[in-house]
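Trainee: Residue numbers (UniProt numbering): 1 to 300.
Cβ coordinates follow ideal geometry from the N, Cα and C atoms, glycine included.
Before I ask anything, let me first share the structure, which is written out below as structure tokens.
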Ligand SMILES: C=C(O[C@@H]1C=C(C(=O)O)C=C[C@H]1O)C(=O)O
């Protein structure tokens, strides 16, 4: 469970500046590492597309309908729901009809207006149809349990990341220099206008550059033989080849450093899916904001 929800959201003494945009952005930066490592972990297995098919013959006779991913996700989320994971405003389930918590409720600061915005169905579809085919080698290695467990870990952190857009949106709405413009655009139901106003290209560019560096380093087989020039090459964008050729960066002659993931792919996943979905969450959150205005004021 996230530190954000456990330590900083539940405590009554959450700092009043909790909706500080820089602080929220810091949380998003922290999530990058978890996301890159989750993708690296999943990339260690074949696509195993049967995991995502409804009633696939590979799972015939097992006690579930639907896909193996949906089955395992529901099982894991049921356990997490019992320990009140989804009462935290930064955690959103993929499954329906989850059990009630067995632990007493925590009190959270009221930072977001009450909403049921949940884009996990869209996220899962994109992940299966676009991310997996690019991330994993083709084929079926029978590692269904391991691959699906890695899928769930990746989907859960990606879900937390995109739904963090709610905190970003509330923080931007609280900026009194821009609030009137947001209100005008919300009243006009101008999605494009809202997205344009909340977009910060400089932040996105910095993020993608940082992400490429992280993926370059984290994706590098690091051992005591790693050299400074290896690291320099890993950070040199021009040294990359396609993901299909994983023996990408040569150390000394004959010492091959295997890349576990292609940084260009990680950047594409963020640029094409993670950032757009985060902004979609921001727009959806803002479109509903005036239903609770001025009655709702964030409080810790
Ligand atoms: C999250 C923010 O909102 C938008 C989405 C971003 C993202 O998903 O990384 C980055 C900048 C903005 O375009 C932000 O302003 O930090």
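#1: Is residue 28 near ligand 1 - that is, is its Cβ less than 8 Å away from at least one heavy atom of it?
#2: Between which two residues does the alpha helix (DSSP H) containing residue 285 stretch?
#3: Leaving out the 5 sequence neighbours to the left and right, which residues in its chain are closer than 7 Å to residue 215 when beta-carbon positions are compared?
#4: Output yes or no for whether 9 Å exceeds the beta carbon distance between residue 59 and residue 50.
#5: Within a Cβ cutoff of 6 Å, which residues of the same chain sit near residue 283, ignoring the five residues on either side of it in sequence?
#6: Can you list, in chain order, the residues of its chain whose CB lies under 7 Å from that of residue 134, leaving out five sequence neighbours each side?
#7: Can you tell me which residues form a DSSP beta bridge with residue 110?
#8: Would you identify the three-state DSSP class for residue 92, choosing helix, strand or coil?
#9: Residue range of the alpha helix (DSSP H) that residue 99 falls in?
#10: Is the region 157 to 170 close to the region 76 to 85, with three or more CB pairs under 8 Å?
#11: Regarding residue 199 and ligand 1, is the C-beta to nearest heavy atom distance less than 8 Å?
#12: Is it a yes or a no for the region 145 to 152 touching the region 169 to 177, going by three-plus beta-carbon pairs under 8 Å?
#13: Pop quiz: residue 168 and residue 24 are said to be a contact at Cβ under 8 Å. What is the actual Cβ separation, rounded to whole angstroms?
#14: What residue from 46, 39 and 130 has the CA that sits closest to residue 152's CA?
#15: Is residue 145 near ligand 1, with its Cβ less than 8 Å from a heavy atom?
#16: Would you kindly report the start and end of the unbroken alpha helix (DSSP H) that includes residue 193?
Mentor: Concretely, from the data shown:
#1: yes
#2: 275 to 287
#3: 36, 261, 263 and 266
#4: yes
#5: 191, 194 and 195
#6: 265
#7: 299
#8: coil
#9: Premise fails: residue 99 is in no alpha helix (DSSP H) and is neither H nor E.
#10: no
#11: yes
#12: no
#13: 6 Å
#14: 39
#15: no
#16: 191 to 198
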